[in-house]
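**Q** Residue numbers (the UniProt record's numbering), protein chains in the order written: chain A, 1 to 349; chain B, 1 to 349; chain C, 1 to 349; chain D, 1 to 349.
There are 4 protein chains.
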Amino acid sequence: MIVAMQDQASDEAIQNVIERMVELGFNVHRTTGSVQTILAGVGTPSHFDVSEFKVLTGVHDAYRISSPYKLAGRSFRPEGTRITFPNGVVVGGEEVIIMAGPCSVENRDQILTSARQVAAAGAQFLRGGAFKPRSSPYSFQGLGLEGLKLLREVADETGLLVITEVMEISQIDVMLPYIDCFQVGARNMQNFNLLRELGYVRKPVLMKRGIAATIEEVLLSAEYILSGGNYDLMLCERGIRTFETYTRNTMDVSAIPVLKKLTHLPVFADPSHGVGIRDLVPPMALASVAAGADGLLMEMHPNPDKAMSDGAQSLRPEQLTELVKKLKQLAPVVGRTIAEGVTATAPAK
Amino acid sequence: MIVAMQDQASDEAIQNVIERMVELGFNVHRTTGSVQTILAGVGTPSHFDVSEFKVLTGVHDAYRISSPYKLAGRSFRPEGTRITFPNGVVVGGEEVIIMAGPCSVENRDQILTSARQVAAAGAQFLRGGAFKPRSSPYSFQGLGLEGLKLLREVADETGLLVITEVMEISQIDVMLPYIDCFQVGARNMQNFNLLRELGYVRKPVLMKRGIAATIEEVLLSAEYILSGGNYDLMLCERGIRTFETYTRNTMDVSAIPVLKKLTHLPVFADPSHGVGIRDLVPPMALASVAAGADGLLMEMHPNPDKAMSDGAQSLRPEQLTELVKKLKQLAPVVGRTIAEGVTATAPAK
Amino acid sequence: MIVAMQDQASDEAIQNVIERMVELGFNVHRTTGSVQTILAGVGTPSHFDVSEFKVLTGVHDAYRISSPYKLAGRSFRPEGTRITFPNGVVVGGEEVIIMAGPCSVENRDQILTSARQVAAAGAQFLRGGAFKPRSSPYSFQGLGLEGLKLLREVADETGLLVITEVMEISQIDVMLPYIDCFQVGARNMQNFNLLRELGYVRKPVLMKRGIAATIEEVLLSAEYILSGGNYDLMLCERGIRTFETYTRNTMDVSAIPVLKKLTHLPVFADPSHGVGIRDLVPPMALASVAAGADGLLMEMHPNPDKAMSDGAQSLRPEQLTELVKKLKQLAPVVGRTIAEGVTATAPAK
Amino acid sequence: MIVAMQDQASDEAIQNVIERMVELGFNVHRTTGSVQTILAGVGTPSHFDVSEFKVLTGVHDAYRISSPYKLAGRSFRPEGTRITFPNGVVVGGEEVIIMAGPCSVENRDQILTSARQVAAAGAQFLRGGAFKPRSSPYSFQGLGLEGLKLLREVADETGLLVITEVMEISQIDVMLPYIDCFQVGARNMQNFNLLRELGYVRKPVLMKRGIAATIEEVLLSAEYILSGGNYDLMLCERGIRTFETYTRNTMDVSAIPVLKKLTHLPVFADPSHGVGIRDLVPPMALASVAAGADGLLMEMHPNPDKAMSDGAQSLRPEQLTELVKKLKQLAPVVGRTIAEGVTATAPAK
């Protein structure tokens, strides 16, 4: 930490800041200029709050100079994290991964049709919500456990992996037998109790960026999961809230290369929530992979006009198929390939 | 809902939109102009998603014209909601309520001293966190149950009411015996499962606005609690995230009169989180009451420089005392008074 | 400036940064820790760009520790700036100043009626636009020179001072004979050529905060005017753009006490543009003065429903009168008074 | 326009709204439901302000249903606008255009070297600032006319076209002899007097999106230029201001496909200002073209570490060369090609 004192700050004020720094565990180096004194705190205590120093008497400003996260930082694992799934799919390698499916599991027919279309398009993961947090209490709230069972059944039939959203601690154990990957939604990115529990689980997690979360906050939240021992973590940009209302959110595509630089964790993009309008999803999916994304998470529905939730942003099946074709052409430009589609390993019924 | 068709939209497209509206339960009135057709849907189905209509073929734009919330709307209870606490304190009436205390309960001495100072300053509620969600996993995380017991003990000794933050469903029952009011933090304003459970409880709730929540989203979240049957709900503006970084957040003071107009629920302001800098709290507290707030929630610490969390934004005890004096002068300008301070009803030890 | 090197940065990288700092005119103090080196640059060159250092090889981060503005800083004139107008009105003293009037000068009748109502309510300044920058080319664009003449005429009749917006350099000389104060609108806060010219004029200026301007940028823009020698400058908070769309902008009331701390310049508030809805203007005006504003700038129209621009946010005459009464009660709470109303000194026609 | 009345609005209130609508030139169709009345105004008056209706007595909400811009709308020229430059370069066709060069023209050597490197990399336009608006009055302010002459000279030598920023009306005539395209910077996107004058010029204009401008505001500003008769207009996304501070701005990549849908004007992207960090420019340039951009505007400097402005975001020459190679591979994926590089047609000195 660096503390820059105000011009002509009193010796007493300087001494008080130094003492407070030493108390926290810093070694303090003092640079005295003709008008301004600067205090450099060397060594990083396990915890300190830089804003406390900003309001001490005589302080001009204070700067944290070390990252507040450690395990999530690129230097912890410079070669990058790779996550291997049971069927051999690897996230974080040269291959770009496709996750697609409806917002909600609505019924057996809908999810089975979805899974077949998603697999046919060449994706590796089936997404679909069983527990649906909706902003209105009067909206459809999901099928719950029944939805999980349907996801597993149709995934096994098609060879896909299952990713679904976990919203609270009590759902973790319920989900474990049915899924391949937990998804933490944007609204839970700072649900620290949930993150801590997911750190103790031995199943991969994909954590979405909160709607108003800075990149640093994304990495601090990642640290919660990593510090519990679960290193199979993926991050996902899905749009932030800005003044622009034409799109549902403003997709921060630059967060993808920024995160790739700051952390070793694989970085996904969710253009469906990023823009919220079906026809904008393909260009934004292409842009995301061009910018370095390790994978895409997208909504697709067999019949979006009849979807029980998020129909406006769900791709039609033929749009997904067309998009994956273009992605296959684009990926080599940035030194990547799109992962192979899956095939059912379990005997079809 | 209104659907404005594109100029020269085809009859087929218009017919398709009409059918979809009727399916949802609207009565549709059609206005055909020389170039543009407008469809007015009268009658409000229990649920519909206006964004689905925006992407239908031939649609220019679609507008929801009814509020998506019902119980939270002003017209549900035009006279305003009043909440009466066990010791006779009334929230939502002519009197403005003061809630103050430290960010976290740190130990018996600290919280007892805090309570005495808060009571002496003239407040009615003691605030203090027992379970602390922090953005870094390496920060102090609160005393838990022990903190709740300490809060109750010192509140009884001073006559104050207790408000503390609930972060997950499992904490509700743990907290019930010790507290007078649940606080839902900004990060949980869209934790819909938690909100739903709080709707079933018979204990008042103060819900903070999320850092990126629109005013409409605040009222939709309120609807979750109200629809469970718990009408003893207060809302609280505490700053939103904007591009300005000098302050911790940007306090949206105008949300206070806007909410007073849109809803019957009492509206509080939390200037401590709103600005994050101690010396800005008093002017923003005065501004909040001038703008119509029904109460204030503020952080005060006996020794902010040694606080384990949020020290930078905690008032010193003498600042709180001085502020309450000014508030007592200001309140009558807007037709209010500051509530009387409390006195211990339980025998002091 | 402080440059924090990355852990284990090479000697070559460190040397390169030191050389670049010395080149710019810094004296460099080096603190070498076991893993990290910190370079403190003492002495402030007239110009440097801290972002250039952030991208040099081996640099972790770089921090400007001095303010980039000098003349605008509080320490330049700790006692605060006072501006005295020809009729004796003083801005920046104990008295809070009221400026009011219609968005646009529409015709003689409208502006004369406005002036009389504004004076009767107790204000000191008449505002009104002669040159109107509008976001649509098809909207009313103002009366131009004719509007300026009307403003002067009715101001003389009522004893009010005139403030009106200047939009480009060529208008400065046209306006000088007719007005008492230039207003720089939010859209021109970074029109640096205009600001520079206004620095050479000897007539007060009120500069509004840009819709997306940080507080630091406001002060840098102020520096442009001050560095030309015009010290009669007032700043004005008028709302920033955020994700909230219920109000026209989000009024950053906390910018008022922040600016009062950082600069010696008087700070106004414009609640009309801040919220954009008539009935929200009075509570926000009260809040602004409670937070420390030196004056208010507000829109009032004799008949807002027929206004040619900004009718929705213009107060009705009786609302202004009522508001000034409340402001007179509120000001003493924060150690201020509302300035006396004016009386015509020129013989009335 | 649609006006939705409040439930049980009085007949008088409804009648008043209808009269006001008729006054403006609407034909009003009234839909009376059991609780709510809806008024549809058909026919679009040349000007009306929807916010005035929102505050009329008895009104629940009001919606503009026609675009406030006409000439800029896609339907005005569905096939898209193509702009042909003197040397045959066409913007808005199948070919993607590259504009590159330093932030400022610093001296003859620097701009000549830049031009050669830009041409060698395969670009068609040389960018460079002669008049530099800077946020600090103490920063380098540009070479002015001398800079324009240098730009023309080196462009002629290399065969490049010249684009440079115009900041005020008086500069238009000064610039005309030396340049091929005017650039309107983000800070001037709502300098309506400047836009109007540029509408009367017969030289192409590239207008950047303001830092806080909505997409609708971009198109309204475009309307100012188009309505003067200058149809050779290009738009440019260059980042908006959000809460994220890691990057200089947040580049709204989705604005590219949105604008392509809403308007016939060519859409550029400026990733240099969009992110502000050199190494993030190539991925964002690729993302922009993947999302449908018609061209790129980028900063490149022969020696960015010594640049007098914006060095941190300027590409090194070899980075530009490498990037253009990748762009040539990527463009065909989205049905485009990168335009051919230029060759000097004027005899080299």
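We put the beta carbon where it would ideally sit given N, CA and C, even for glycine.
Nothing here was measured: the structure is a model prediction, and the numbers come from that model.
Along chain A, which residues have their Cβ under 7 Å away from the Cβ of B/Ile2?
**A** Those do not exist, as B/Ile2 stays about 17 Å from chain A at its closest Cβ, beyond 7 Å.
**Q** In three-state DSSP terms, what is B/Met301?
**A** Sequence check: residue 301 of chain B is His here, not Met. Three-state DSSP puts B/His301 in coil, outside helix and strand.
**Q** Among D/Asn188, D/Ala312 and D/Lys54, which residue has its Cα nearest to the Cα of D/Thr247?
**A** Selected option, being the one with the closest Cα: D/Ala312.
**Q** I'd like to know if C/Phe243 contacts chain A, where contact means its C-beta is closer than 8 Å to some C-beta of that chain.
**A** Yes, its Cβ sits closer than 8 Å to a Cβ of chain A.
**Q** How is D/Asp294 classed by DSSP in three states: helix, strand or coil?
**A** Residue state, collapsed to three classes: coil.
**Q** Alpha helix (DSSP H) containing B/Gln171: first to last residue?
**A** Segment Ile169 to Met175, the alpha helix (DSSP H) holding B/Gln171.
**Q** On a CA-only basis, which of D/Gln36, D/Asn87, D/Ala130 and D/Gly25 is nearest D/Met308? Give me that one, please.
**A** Checking every option, the nearest Cα to that of D/Met308 belongs to D/Ala130.
**Q** Just to make sure I have the definition right: I need the residues of chain A whose C-beta is within less than 9 Å of the C-beta of C/His60. Which are they?
**A** Ordered by position in chain A, the residues that pass the 9 Å Cβ test against C/His60 are Ile65, Ser66 and Ser67.
**Q** Residues in the same chain with beta-carbon distance under 8 Å from B/Gln190, minus the five sequence neighbours each way, listed in chain order, please.
**A** These residues qualify, in order along the chain: Gly210, Ala213, Glu217 and Ser221.
**Q** When DSSP builds the beta bridges, which residues end up paired with C/Ser104?
**A** Answer is C/Gly129.
**Q** If you run the structure through DSSP and keep just helix, strand and coil, what is A/Met189?
**A** Three-state DSSP puts A/Met189 in coil, outside helix and strand.
**Q** Within a Cβ cutoff of 6 Å, which residues of the same chain sit near B/Ala348, ignoring the five residues on either side of it in sequence?
**A** Its pLDDT being 41, under 50, B/Ala348 is placed unreliably in this model, and the coordinates cannot settle the point.
**Q** Relative to the C-alpha of A/Phe268, which residue among A/Pro283, A/Met298, A/Gly276 and A/Pro282 is closest?
**A** Cα-wise, what sits closest to A/Phe268 is A/Met298.
**Q** Say whether chain D places a C-beta atom closer than 8 Å to the C-beta of B/Val50.
**A** So, not an interface residue.
**Q** Is D/Thr337 near D/Glu94, with beta carbons less than 8 Å apart?
**A** It is a contact, given that the beta carbons lie within the stated cut-off.
**Q** How would you write the range of the alpha helix (DSSP H) that B/Phe53 sits in, first residue to last?
**A** Unbroken alpha helix (DSSP H) run through B/Phe53: Val50 to Lys54.
**Q** So, B/Leu195 versus B/Met234, is the Cβ gap smaller than 8 Å?
**A** Contact flag unset, no.
**Q** Report the residue from D/Glu318, D/Arg77, D/Ala62 and D/Glu23 whose alpha carbon sits nearest the alpha carbon of D/Pro302.
**A** Closest option to D/Pro302, Cα to Cα, is D/Glu318.
**Q** Can you tell me which of C/Cys103, C/Arg152 and C/Ile172 puts its alpha carbon nearest to the alpha carbon of C/Gly142?
**A** Of the candidates C/Cys103, C/Arg152 and C/Ile172, the one whose C-alpha sits nearest the C-alpha of C/Gly142 is C/Cys103.
**Q** Alpha carbon to alpha carbon, how far is D/Leu320 from A/Val253? Give it in angstroms, no decimals.
**A** Using only the alpha carbons, I get a separation of about 20 Å.
**Q** Are C/Pro257 and B/Leu280 closer than 8 Å when you measure CB to CB?
**A** Yes; because the gap between Cβ atoms is below 8 Å, this pair is in contact.
**Q** If the cut is a Cβ gap below 9 Å, which residues of chain C does D/Val311 touch?
**A** Before going further, note that residue 311 of chain D is Gly rather than Val in the sequence given. Neighbours of D/Gly311 on chain C, chain order: Asp49, Ser51, Glu52 and Val55.
**Q** Once you ignore the five residues that flank A/Pro204 on each side, which residues in its own chain have a CB closer than 6 Å to its CB?
**A** Closer than 6 Å at Cβ, skipping near neighbours: Ile83, Cys181 and Asp232.
**Q** Which of the three DSSP states, helix, strand or coil, is assigned to A/Thr31?
**A** Looking at A/Thr31 - three-state DSSP - the assignment turns out to be strand.
**Q** So what does DSSP say about B/His60, is it helix, strand or coil?
**A** Reduced to three states, the DSSP call for B/His60 is strand.
**Q** Short check: CB of D/Val174 to CB of D/Leu126, under 8 Å?
**A** No. Outside cutoff.
**Q** Considering B/Leu327, what are the terminal residues of the alpha helix (DSSP H) in which it resides?
**A** Element bounds for B/Leu327: Pro317 to Leu330.
**Q** When you compare the CB positions of C/Ala123 and C/Gly276, do they come within less than 8 Å of one another, or not?
**A** No, the pair does not count as a contact, with Cβ atoms beyond the cut-off.
**Q** Check the Cβ-Cβ distances between C/Asp11 and every residue of chain B, and say whether any is below 8 Å.
**A** Chain B contact via Cβ: absent.
**Q** With contact counted as at least three CB pairs below 8 Å, one residue from each stretch, are the region 222 to 231 of chain C and the region 71 to 88 of chain C in contact?
**A** Result yes; three or more Cβ-Cβ pairs closer than 8 Å.
**Q** Listing by chain order, which chain C residues have their CB less than 7 Å from the CB of D/Gly142?
**A** Here the premise fails: no neighbours, minimum Cβ distance about 11 Å.
**Q** Got a sec? Which residues, its chain only, sit under 7 Å from B/Gly144 by beta carbon, not counting five neighbours each side?
**A** Same-chain partners within the cutoff: Ala130 and Phe131.
**Q** Can you name the residues of chain D whose CB is closer than 7 Å to the CB of B/Thr31?
**A** Result: His29, Ala40 and Val42.
**Q** Determine whether the Cβ of C/Arg187 lies closer than 8 Å to any Cβ atom of chain D.
**A** Cβ-Cβ to chain D under 8 Å: yes for C/Arg187.
**Q** In angstroms with no decimal places, state the Cα-to-Cα distance between A/Gly147 and A/Leu176.
**A** Each residue's alpha carbon lies about 13 Å from the other.
**Q** Starting from the C-beta of C/Pro121, find all residues in its chain whose C-beta is less than 6 Å away, skip the five residues before and the five after it, and write them out in chain order.
**A** First, the amino acid is wrong: residue 121 of chain C is Ala here, not Pro. Around C/Ala121: Leu320, Thr321 and Val324.
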